[in-house]
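Protein sequences appear in the order of chains A and B. Counting from 1, position 11 in the first sequence corresponds to residue 11 in the numbering used here; the numbering is continuous, with no gaps. Counting from 1, position 67 in the second sequence corresponds to residue 67 in the numbering used here; the numbering is continuous, with no gaps. A virtual CB, placed ideally from N, CA and C, is assigned to each residue, including glycine. A short worksheet on the structure shown next.
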Amino acid sequence: AQTVTQSQPEMSVQEAETVTLSCTYDTSESDYYLFWYKQPPSRQMILVIRQEAYKQQNATENRFSVNFQKAAKSFSLKISDSQLGDAAMYFCAYRSPTQGGSEKLVFGKGTKLTVNP
Amino acid sequence: EPEVTQTPSHQVTQMGQEVILRCVPISNHLYFYWYRQILGQKVEFLVSFYNNEISEKSEIFDDQFSVERPDGSNFTLKIRSTKLEDSAMYFCASSQRIGGTAFFGQGTRLTVV
Numbered sequence: 001a002q003t004v005t006q007s008q009p010e011m012s013v014q015e016a017e018t019v020t021l022s023c024t025y026d027t028s029e030s031d032y033y034l035f036w037y038k039q040p041p042s043r044q045m046i047l048v049i050r051q052e053a054y055k056q057q058n059a060t061e062n063r064f065s066v067n068f069q070k071a072a073k074s075f076s077l078k079i080s081d082s083q084l085g086d087a088a089m090y091f092c093a094y095r096s097p098t099q100g101g102s103e104k105l106v107f108g109k110g111t112k113l114t115v116n117p
Numbered sequence: 001e002p003e004v005t006q007t008p009s010h011q012v013t014q015m016g017q018e019v020i021l022r023c024v025p026i027s028n029h030l031y032f033y034w035y036r037q038i039l040g041q042k043v044e045f046l047v048s049f050y051n052n053e054i055s056e057k058s059e060i061f062d063d064q065f066s067v068e069r070p071d072g073s074n075f076t077l078k079i080r081s082t083k084l085e086d087s088a089m090y091f092c093a094s095s096q097r098i099g100g101t102a103f104f105g106q107g108t109r110l111t112v113v
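Written out as structure tokens, the structure reads:
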């Protein structure tokens, strides 16, 4: 079974600075999908970024980018120019390939990000 | 922008009572999911639903749980006889196609007393 590990329960960053959140995963599959979701105090789950494992290029979405290291099974999230609104719980998630695989998301335990003014 | 909506936002129920959590997925989505998050813990998969039947369920999703798509828009999660440990945030999600990104609703906080 796939597992997702987020080793940083909490992180903090100064406003306008850059922060990197770590995520590692364990799988025997060669093709899969990885996601970062944000959960602000309202507790809604908001998609931040998605990466397909077959793509070598790291996904980017405005101030958010990932460092996807397939061999190391690492998928970190970099937030540039941090803003107060970035403060939230961040969850890394894994999903199997579509054909014959599970559609479910497997989540890590999350990293609580605090942004200091 | 289309979104997944869930009602109610917060429900308090007595232990042993039945509860129905409601979700309206994004209109052109075909795959539907329920997840739950016990306070302070990670988000856990409960069930996936496609073509009017359950496509996958977790160990958590026992006989006390059921899902239904009673009409063309709603997707419901029923807990027949609630237990204290069912207290959690329940998230509905939907995706347009197999392999598509799952979009989540804002969640229903269920409190069992």
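- Query: Is there a Cβ from chain B that is less than 9 Å from the Cβ of Phe68 (chain A)?
  - Reply: As a first step, residue 68 (chain A) is located in the first sequence; it is residue number 68 there, counting from the start. It does not; no Cβ of chain B falls within 9 Å.
- Item | Glu68 (chain B) (DSSP reduced to helix, strand or coil) | Within the second sequence, residue 68 (chain B) is the residue found at index 68, counting from 1. Three-state DSSP puts Glu68 (chain B) in a strand.
- Task: Return the first residue and the last residue of the beta strand (DSSP E) that Gln8 (chain A) is part of.
- Result: Your numbering for residue 8 (chain A) matches position 8 in the first sequence. It is not in any beta strand (DSSP E) - Gln8 (chain A) carries neither H nor E in the DSSP assignment.
- Item | Helix, strand or coil at Leu30 (chain B) [DSSP, three-state] | As a first step, residue 30 (chain B) is located in the second sequence; it is residue number 30 there, counting from the start. Note: Leu30 (chain B) maps to coil in three-state DSSP.
- Query: Is Ser30 (chain A) near Ala1 (chain A), with beta carbons less than 9 Å apart?
  - Reply: Locating residue 30 (chain A) in the first sequence gives position 30, where the first residue counts as 1. Locating residue 1 (chain A) in the first sequence gives position 1, where the first residue counts as 1. Not a contact, by the Cβ cut-off of 9 Å.
- Task: Would you identify the three-state DSSP class for Leu84 (chain A), choosing helix, strand or coil?
- Result: In the first sequence, residue 84 (chain A) corresponds to position 84, counting from 1. Helix at Leu84 (chain A).
- Answer yes or no: does any C-beta atom of chain A fall closer than 9 Å to that of Thr101 (chain B)? Counting from one through the second sequence, the residue named residue 101 (chain B) turns up at place 101. Proximity of Thr101 (chain B) to chain A, defined by a Cβ-Cβ separation below 9 Å, is satisfied.
- Message: So Arg22 (chain B) and Ala88 (chain B) are supposed to be a Cβ contact under 8 Å. How far apart are they, rounded?
- Response: Against the second sequence, residue 22 (chain B) aligns to sequence position 22. Against the second sequence, residue 88 (chain B) aligns to sequence position 88. The Cβ separation is near 16 Å, so there is no contact.
- Enumerate in chain order the residues of its own chain whose CB-to-CB distance from Ser14 (chain A) is below 6 Å, with the five nearest sequence positions on each side excluded. The residue you call residue 14 (chain A) lines up with position 14 of the first sequence. Checking the displayed sequence, the identity of residue 14 (chain A) turns out to be Gln instead of Ser. Once the five neighbours on either side are set aside, the close Cβ partners of Gln14 (chain A) are Asn116.
- Message: Between Glu29 (chain A) and chain B, is the shortest Cβ-Cβ distance under 9 Å, so that the two count as touching?
- Response: What you label residue 29 (chain A) is simply residue 29 of the first sequence in a count that begins at 1. Cβ-Cβ to chain B under 9 Å: no for Glu29 (chain A).
- Item | Short CB-CB distance (under 9 Å) between Met11 (chain A) and chain B | The residue given as residue 11 (chain A) occupies position 11 in the first sequence. Not one chain B Cβ lies under 9 Å of Met11 (chain A).
- When the Cα atoms are used, what is the spatial distance from Tyr37 (chain A) to Ser81 (chain B)? By one-based count along the first sequence, residue 37 (chain A) stands at place 37. By one-based count along the second sequence, residue 81 (chain B) stands at place 81. So the alpha carbons of these two residues sit roughly 31 Å apart.
- Task: Check whether the Cβ atoms of Leu77 (chain A) and Ser96 (chain A) lie closer than 9 Å to each other.
- Result: Here residue 77 (chain A) refers to the residue found at position 77 when the first sequence is read from its first residue. Here residue 96 (chain A) refers to the residue found at position 96 when the first sequence is read from its first residue. Going by C-beta atoms, Leu77 (chain A) is not nearer than 9 Å to Ser96 (chain A).
- Can you tell me the Cα-Cα spacing of Ala102 (chain B) and Leu84 (chain A), whole angstroms? Position 102 of the second sequence, counting from 1, holds the residue named residue 102 (chain B). Position 84 of the first sequence, counting from 1, holds the residue named residue 84 (chain A). Cα to Cα, Ala102 (chain B) sits roughly 26 Å from Leu84 (chain A).
- Nearest CA to the CA of Ser73 (chain B): which residue from B:Gln14, B:Leu46 and B:Ser27? If you number the second sequence from 1, residue 73 (chain B) lands on position 73. Selected option, being the one with the closest Cα: B:Ser27.
- Message: Let's see if you can read the secondary structure: which residues bound the beta strand (DSSP E) around Ile46 (chain A)?
- Response: Against the first sequence, residue 46 (chain A) aligns to sequence position 46. Segment Ile46 to Glu52, the beta strand (DSSP E) holding Ile46 (chain A).
- Task: Please go through the same chain and pick out, in chain order, the residues whose beta-carbon is closer than 7 Å to the beta-carbon of Ser22 (chain A), but skip the five residues on each side of it.
- Result: For the purposes of this step, residue 22 (chain A) is taken as the residue at position 22 of the first sequence. These residues qualify, in order along the chain: Gln6, Ser7, Gln8 and Ser76.
- Message: I want to verify the contact list: residues of chain B whose CB lies under 8 Å from the CB of Lys109 (chain A), in sequence order.
- Response: Looking up residue 109 (chain A) in the first sequence gives position 109. Neighbours of Lys109 (chain A) on chain B, chain order: Gln41 and Lys42.
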